[in-house]
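Here the structure is laid out as structure tokens; the discussion comes afterwards.
There are 2 protein chains.
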Amino acid sequence: MASRHVKSARQERSLRETLMSAGIEPNLADLLLDMPHRIVTVEPRRPFRDPGSPRSEVIFVRSGILSKFKTDSSGRRHIVALRFPGEGILPTEATAEYGIQAIVRSELMVGKSEDFLPILDAHPKLQRFFWRLIQRNESIGYEWLVNCGRRDSTARVAHLLCETAVRMNAGEGRLTNPFTQQQIADITGQTSVNVNRVLANMERQGLIRRKGRHIEFTDWTEMRRVANFQPQYLAI
Amino acid sequence: MASRHVKSARQERSLRETLMSAGIEPNLADLLLDMPHRIVTVEPRRPFRDPGSPRSEVIFVRSGILSKFKTDSSGRRHIVALRFPGEGILPTEATAEYGIQAIVRSELMVGKSEDFLPILDAHPKLQRFFWRLIQRNESIGYEWLVNCGRRDSTARVAHLLCETAVRMNAGEGRLTNPFTQQQIADITGQTSVNVNRVLANMERQGLIRRKGRHIEFTDWTEMRRVANFQPQYLAI
DNA sequence: CGGTTGTTTGAACTGATTCAATCTGTGTGG
DNA sequence: CCACACAGATTGAATCAGTTCAAACAACCG
């Protein structure tokens, strides 16, 4: 878990662009970037933040993917949210019940709550930006609940892939799958064994083509139908 | 769906107390109550707000229970969130993907977004109050995801009952179950048939005693263990 | 009293889990 | 460049939790 205090112009610009592509106005993005912070690189599937630890920090994803997870009594992990570049994790007053791990190697901007909140208080426009982000996350959470609660295992996996393709701006019908099968299982509430069979089935049915990590949607329309994927919920 | 424009002192006071018991300061509660609004009574399991309709309104629950729900492709309903007295539903800019229905007969305070947001902008303390409410709801959503994704059907039902008992301040080991078995199924992602069997099992094992709607937890500790219920996530 | 809504039960079926073994790909150090 | 280790993917067989369908029963209410 390398941790660096870097301010190279190239990196800052890149984070700025990532934030702006998430819909923030340029001058507001600069407000956030001027906040004291450090850039941290996180390795995938290594402990980063444990459940039950204090969370007086803001995190923005510069590159990679972050996951929030919880663990049930028998130790089975479940991933409850994802954060893609430009998205972030806001501070809480109490300790957070979820842990944080990277899905793939990720670069994060980590700032302190006490630096972040005053900026927020001083700029209602920024408030409203985060308000909208929060509502988008809420909306995604609801969709995930329907996914786990009401769709069969094929639809669950298909839905995750569709959502991921959209959130990564992968372009229709193309996706470099960032997940291991275990991670897909942890998101969709299954076992990795079954995820494997589901993916094999989807390939057999001609829905996708796989080569290692790379997944190609050969039939995006059919994929969406199978997944019951209606992307309005992402458009908030 | 009776709708009345009432301002009786008794009712207003009661809503004020409900809000305050949700943790809001007296003067802030008054700010909300002075906002133009109407009191609406909603019958259970009747359409109130449909999915995909605009949501430029604030809703606070005065009595009863509200549910947010979504429907999957094959028409199966899934309840994604509950709102107990003192809690509410905030306005969104876009249309909301979820519908709203009452679990039991409920009295709501309904205000307009354009009346609500300026108050919010003018009072950072109120901002922070809602910020915390939102984080609590997020936290509950995460717990529900674990519930649907990782726990077996008995634990799912037990967990819902435990959470409900706490959120209704029912007092340990006592709960007037507000749900039909179909609603429990819609929350926990099962069929009502199975919920029925689960409840019968729990009674057979001496975990609960039932008389009509009334459920008594005969062994609250064991109940919590079965449900893997750790109420910290509610304490935000 | 009749209609509606919710609960209960049984039998057959199926999708997903579990457990265990094997296979594949990648990176590391000798 | 090979040997080895390790993480992830794949496959099979047995088992089981939960669904589906269908029917009966109970409670409530005007």
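Line order of the protein sequences matches chains H and R.
Quick note on our numbering: the first sequence kicks off at 1 and runs consecutively.
Quick note on our numbering: the second sequence kicks off at 1001 and runs consecutively.
Glycine included, C-beta positions come from ideal geometry on N, C-alpha and C.
In this text, all values refer to a predicted model and were calculated from it rather than measured experimentally.
Exposure of residue 1026 of chain R is indicated by the presence of fewer than 16 other C-beta atoms within 10 angstroms of its C-beta. Per the coordinates, the alpha-carbon of residue 1055 of chain R lies some 30 angstroms from the alpha-carbon of residue 221 of chain H. Apart from the 5 residues on each side of it in sequence, residue 79 of chain H sits with its Cβ closer than 8 angstroms to the Cβ of 67, 68, 69, 183, 186 and 187 in its chain, given in chain order. In this structure residue 235 of chain H is exposed. Its beta-carbon is surrounded by fewer than 16 other beta-carbon atoms within 10 angstroms. Look at the beta carbons and you see the segment 1015-1035 of chain R touching the segment 1105-1122 of chain R: at least three pairs across the two are nearer than 8 angstroms. DSSP, read as helix, strand or coil, puts residue 49 of chain H in strand. In the DSSP assignment, residue 1111 of chain R forms a beta bridge with R:1037 and R:1058. Relative to the Cα of residue 1154 of chain R, the nearest Cα in the group R:1226, R:1052 and R:1031 belongs to R:1226. Taking 3 residues as the shortest admissible run, the segment 1095-1162 of chain R contains the following complete beta strand (DSSP E) segments, listed from N- to C-terminal end: 1099-1112. When DSSP states are grouped into helix, strand and coil, residue 21 of chain H belongs to the helix group.
When CB distances to chain R are screened at a threshold of 8 angstroms, the residues of the segment 122-145 of chain H falling below it are 124, 127, 132, 134, 135, 137, 138, 139, 141, 142, 143, 144 and 145, in chain order.
Taking a beta-carbon distance threshold of 9 angstroms, residue 1169 of chain R does not count as an interface residue toward chain H. As the crow flies, the alpha-carbon of residue 1116 of chain R is around 12 angstroms from that of residue 1060 of chain R.
Our two residues, residue 206 of chain H and residue 218 of chain H, have alpha carbons roughly 7 angstroms apart in a direct line. Below the 8 angstroms Cβ cutoff, chain H contributes 150 as neighbours of residue 1076 of chain R, in chain order.
Counting of Cβ neighbours within 10 angstroms places residue 181 of chain H among the buried residues, the total reaching 16 or more. At a beta-carbon threshold of 9 angstroms, the residues of chain R lying near residue 97 of chain H are 1139, 1142, 1143, 1230, 1232, 1233 and 1236, ordered along the chain. Shown here for residue 1119 of chain R: same chain residues with a beta carbon closer than 8 angstroms to its own, the five before and five after excluded, namely 1031, 1032, 1035 and 1126 in chain order.
In the structure shown, the three-state DSSP call for residue 188 of chain H is helix.
Counting only residues of its own chain and dropping the five nearest sequence neighbours on each side, residue 1177 of chain R has a CB closer than 6 angstroms to the CB of 1213 and 1215. Straight-line spacing of the CA atoms in residue 48 of chain H and residue 98 of chain H works out to 11 angstroms. According to DSSP, residue 88 of chain H shares a beta bridge with H:60. When Cβ-Cβ separations below 9 angstroms define contact, residue 189 of chain H makes contact with chain R. Cβ-Cβ distances below 7 angstroms link residue 84 of chain H to 61, 65, 167 and 168 in the same chain, with the five nearest sequence neighbours on each side left out; the list follows chain order. Contact annotation: residue 128 of chain H and residue 23 of chain H have beta-carbon atoms that are not nearer than 9 angstroms.
Nearest in C-alpha terms to residue 233 of chain H, of all of R:1041, R:1082, R:1093 and R:1075, is R:1093. At a cut-off of 9 angstroms between C-beta atoms, residue 1033 of chain R does not count as an interface residue with respect to chain H. For a Cβ distance threshold of 7 angstroms, nothing in chain R lies close to residue 30 of chain H: the least Cβ distance comes to about 22 angstroms. Those residues of the segment 84-116 of chain H placed with their C-beta closer than 9 angstroms to a C-beta in chain R are 90, 92, 93, 94, 95, 96, 97 and 98, ordered along the chain. Relative to residue 143 of chain H, the option among H:229, H:41 and H:46 whose CA is nearest is H:229. Annotation: the continuous alpha helix (DSSP H) that includes residue 222 of chain H extends over 220-227. Only residues of its own chain outside the window of five on either side were considered, and among them 165 and 215 have a CB closer than 6 angstroms to the CB of residue 175 of chain H, listed in chain order. Residue contact check for residue 72 of chain H against chain R: a CB pair falls below 9 angstroms. Assignment of residue 1180 of chain R by DSSP, reduced to helix, strand and coil, places it in the coil class.
When the Cα atoms are used, residue 96 of chain H and residue 1138 of chain R turn out to be separated by approximately 11 angstroms.
From the listed residues H:171, H:190, H:135 and H:72, the smallest Cα separation to residue 151 of chain H is found for H:190.
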